[in-house]
Structure formats: structure tokens, C-alpha cells
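Residue numbers (UniProt numbering): 1 to 576.
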């Protein structure tokens, strides 16, 4: 008797009988069959992902930045990386607060914003100089922190924060034991103004000013290599930028840690600046610009460099400067100003003054008043002294609060007693149009001396060099009437990015293309061009979606910028 597992068929072909249809007959029989198409579900482009678990990269993020242009640049980089990772930069599930530690009011606004976010049950990530310098502050407990040199890891921190984890990255970037200037310069970013690129050329400084808290956050001088800075400028111009700001805690000290200097950098930068585009050099302290005065005068006379320099004096009293540990005397400052005013006709010198520094006498303050009377600075940033916790100046004997206020008021009154631009009325000038005024009534342009010129709001002027006749002068501005026969000149070598569009995505994608996705020598030139086209098209589609999702970004950024200017007590367009 055969077992149950014994086969009853010797060969699989025995399963087919002679009466069964052949494969050809079965194929012919299919002609009478009409296939039925399956209806596809409509894809909702703007449908938000619904999930029980938290998936990083799908949330909305609101970002606010306080402080200097270096901090603004850091904020642009963080926003760009987050947007490139899928986050929507608009009013949001998570607040990213990028702080400034220069003065008490800025930190107060930062602390109040944290409290407000927590009251609204928002997740919070903090960045900037405040948490870097004082990460153990009570109001920072439990919050995720991005250090000033860790902005390239913002996506990692935010990813963890949205999942409810607390992450703190406060380390320094080093290469072979040498401290680096910071994160890579070719990271994606969202420029506040698509026409202006802010490049931080170094971080930290060589001074140890007794009132400065920023030193605790940014540390000692660390400069970026010249070739990286030049490449960043070149990439910016390829994205339609027509104005570059160089920024740092002290641009004059650039390169001392890597065996070069500021003039060497500037000469290489001007070689890649298109005709009509402009370069603005940021703040430099007197000690480090003194040895480069000859070269700096030549550079500031260059047609593609603004004849503008921000040189903080802080006080005209040598006694006060010594207590501040500023490492120069008032004669050094005067030498810088006098030399540049002689060699660069019409140059704008901006400066800062601190009123009521500990130990400042009436005689000391009067020396500062006399300095302002002598030079009649067109751009003067007046600051009442605020003792910052942990600084030597905070432990010194303080000037009474009412005296500090009186001195600040007196110096402000002196500054507003003269009009530095009256003699400009009637001049014909070339100006570069880059911004819109806060009241939205004018476009804001700047002439060769970085003086603010208000011009009519015509779409064809934005991002262009135009010729105007100056017909009115105010305390902080000029008004210009376009010359009728003159045509706007475009310095941009490419169309500028849209507001809120992510910069650097093409470089990022092409880097990934060449390094990972497609090994070299595996595609013909035609195939490579097609791949590049597809990537470019994908980026454009992505950026279009970003613009749709970032409708609120413009307003938020303008409000953030306005808040910063109010805290600093200065005019936005004259910030050095």
C-alpha cells in the first residue's frame, strides 16, 4: 500500500492532459478580455502627515535672532539647514531662539521669549552667545542648546527636541588641535535679504575687554582660510547677491592666527566681485587696523568697496580705556580716523561710545563729548553701560544709574544737534538698491560712502545700481530722484533667489551626486547633463513648496529685525 507522501505522478508534465488548451490557445482566448483600470487615489499635495509617533522634519519652526550681523549670519545658516531637511520656517510647533549677550536688554528679551514659548506649550531650542557663555542659567534648565560653533548640527538638535529630548552641543571645532572659525561656509542658508550675503570671516577676538561678555561665548580668534571665504563670495554672486557684508567680532584681527591679514583677504575678494556689486567691511578695533592703514586706504578707495569703516572708540579718556583694557589710547584712534579721512575723501567713519563705564569721571566724559564735537561722526552708536555678569567690569565701583542716564542723554542730544548730510544736497550719485524701508514707502539704497539713500519704489530698481540726484537730507538719510536718461545697471550675474528660498542646495545636491550616488566615469556627458537638469528641476520644485510654506517668514523676519534695532537703539541701515 503506497504511503501518503508517495507521488502519484512520475513527472510534472503528466499533469497536463492532451485535452488541455495549449499556451498559444490560452493567449488567443485573452483577446476577449477587457482589462479594468484601477482608480488611483488623488494625492493631496498639501496634506499634512498624520501619525501617532513624532517624525522629525515634518514640524513647523519659528526662529528669532537678536544681536549683531555675525549672529544674523548664524541664524540664516540654521534656518537654511532646517528648511532643507523638511521643516517649515513659519509660526510653529517649536521656537528656535538665537540670542545676544552684549547688553542686558537683549538677554531680557531672550529670557522673556523662552517664558512665553513655555506658557504656550511650545518646544524650545536656544542658540547664540547667551547659552554658550552661561549654559547653567536656571531659565535654561532642560532646554536643548546649539553652541555658536555647532550651528551645522542644528537639525540633529531640533530632531531630538521635537521628540522631547534635551541635547546640548557646546564644543569647539578643531583641526589638528587648532581651533577653527566655525561651521562650514557652504551650508544651506535662508538669507533675510536675498541680495545681501553676510560672511563671518573669523570668530572671537584677541582682546580681553573688561565689560565684554561676548568673549566668554566666542572665545579667542579663529579665522577661516582665505580660499574658503573667496569661494563663499563666488557662490553668493552665482545666486544673485549684489552686496556682501564681512562680519566678525573684530575684522581687523583677521588672519593673525593663520599667518595672513585682512588686506590680503580683501584684495582677493575684490577680484571676484562683479562690476556694480559692493563689499562692506565690518567692525574693526583700532589696534589691529593701525598697521594696515596704507593698504586699507587703497582698498576703501576701490570702486567695488564701500568707503565705510566702523571703528569703536568707546571712550575718549585714556584712563577709562585703560580700565576697559582696550589696548589703545585715544591718539591711536585719532590717527586711524585722520589718516583714512585724508586718504579716502568722503569716507564714513562709524563709532561706538559707552556712557557711564565704572570709574568714569565728569572730566573723562567731557573728553568724549569733545571728541564727538571735533569729528561730528555721521554714524554714532551710544550705549549706556550695563554690567554683564561674570565680567571684571561688573565687580568695579559703578557710576550711579541717574548719572549714566544723564550722560547718555547729553551725548545723544549733541549727536542730534548737527546734520552730517546737508552738504550732499544737489549731488548726483550712483547708488545700489538692496532693501525696502520699514514704512514700505521707499526702496533703500546706499552710495559709495554707505550713506542711506531713499529712492522711489519701482520694481526695476531692486538689486540695481542707479543714478540719482540728491534733493533732500535728513539726520540719517538722503532722498534721491532717479536721473531720467539713466538706465538701471544690474550687477548680479544671476537672478536672485526668492525671499525665503534656500541658498546652497544646488552645491549640496551636486556634492552628494559626485561623492555617493553616481561614481565618476559611469555616465556619458549627455547623461550627466540630464542628471544635473533633473536635480536642478527637483530643487526648483522643492524651493517653490518652501516659498508656499514660508508665507509668514517675511513678516517674522522683519519684526525680528525691527526688535533687534530697537534694543540696540540704532538705525538699522547704518549698523556697522
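Note that the Cβ used here is the ideal one computed from N, Cα and C, for glycine as well. The structure presented is a predicted model; accordingly, all values stated were derived computationally and were not measured.
- Ranking 474, 446 and 473 by CA distance to the CA of residue 467 puts 446 first.
- Our two residues, residue 429 and residue 469, have alpha carbons roughly 6 Å apart in a direct line.
- Under DSSP, residue 322 forms no beta bridge with any residue.
- Check the Cα spacing between residue 378 and each of 350, 398, 184 and 191: the tightest is with 350.
- Judged by their CB atoms, residue 358 and residue 299 are not nearer to each other than the 9 Å cut-off.
- Where residue 63 is concerned, the enclosing beta strand (DSSP E) starts and stops at 60 to 65.
- The C-alpha of residue 473 lies about 6 Å from the C-alpha of residue 479.
- The straight-line gap separating the alpha-carbon atoms of residue 318 and residue 325 is approximately 10 Å.
- Listed in chain order, the beta strand (DSSP E) elements of length 3 or more contained wholly in the stretch 442 to 510 are 443 to 446, 452 to 455, 465 to 473 and 478 to 482.
- Residue 343 and residue 481 have their C-alpha atoms some 30 Å from each other.
- Counting of Cβ neighbours within 10 angstroms places residue 417 among the exposed residues, the total staying below 16.
- Secondary structure of residue 89 (DSSP, three-state): strand.
- For residue 97 and residue 104, the gap between their C-alpha atoms comes out near 16 Å.
- Residue 73 and residue 260 have their C-alpha atoms some 23 Å from each other.
- Here residue 212 really is in contact with residue 391; their C-beta atoms are around 7 Å apart, less than 8 Å.
- Secondary structure of residue 129 (DSSP, three-state): helix.
- In the three-state scheme derived from DSSP, where H, G and I count as helix and E and B as strand, residue 439 is classed as coil.
- Apart from sequence neighbours up to five positions away, the residues of its chain that approach residue 219 with a beta-carbon distance below 8 Å are 172, 179, 203 and 204, ordered along the chain.
- Residues of the same chain with a CB within less than 8 Å of the CB of residue 341, apart from the 5 flanking positions on each side, are 347 and 349 in chain order.
- If you draw a straight line from the Cα of residue 274 to the Cα of residue 200, it is about 20 Å long.
- Shown here for residue 321: same chain residues with a beta carbon closer than 8 Å to its own, the five before and five after excluded, namely 314, 315, 328, 329 and 330 in chain order.
- Between the stretch 231 to 244 and the stretch 179 to 188 there are three or more C-beta pairs closer than 8 Å, enough to call the two in contact.
- Restricted to the stretch 177 to 251, the alpha helix (DSSP H) segments that are unbroken, complete and at least 4 residues in length are 214 to 218 and 226 to 238, listed in chain order.
- Residue 420 places its beta carbon 9 Å or farther from that of residue 460.
- Take residue 451, set aside five residues on each side of it, and the residues of its chain with a beta-carbon closer than 7 Å to its own are 348, 421 and 478, in chain order.
- Going by beta carbons, residue 336 and residue 266 fall outside the 9 Å limit.
- Remark: C-beta atoms of residue 250 and residue 221 approach each other more closely than 9 Å.
- Beta-bridge partners of residue 352 (DSSP): 381.
- In its chain, beyond the 5 residues on either side, 469 and 470 have a beta carbon closer than 8 Å to the beta carbon of residue 427.
- With a cut-off of 8 Å on Cβ pairs, the stretch 163 to 177 is not in contact with the stretch 62 to 71, counting fewer than three such pairs.
- In the three-state reduction of the DSSP assignment, residue 304 falls in the coil class, being assigned neither a helical nor a strand state.
- Just so you know, the alpha carbons of residue 308 and residue 283 end up roughly 10 Å apart.
- Looking at the backbone, the Cα of residue 494 and that of residue 440 are separated by about 26 Å.
- Excluding residues up to 5 positions away in sequence, 311, 328, 332, 333 and 336 lie with their Cβ nearer than 7 Å to the Cβ of residue 286 in the same chain.
- The Cβ neighbour count for residue 142, taken over all protein chains shown within 10 Å, is under 16; the residue is labelled exposed.
- Here the alpha carbon of residue 79 sits roughly 11 Å from the alpha carbon of residue 86.
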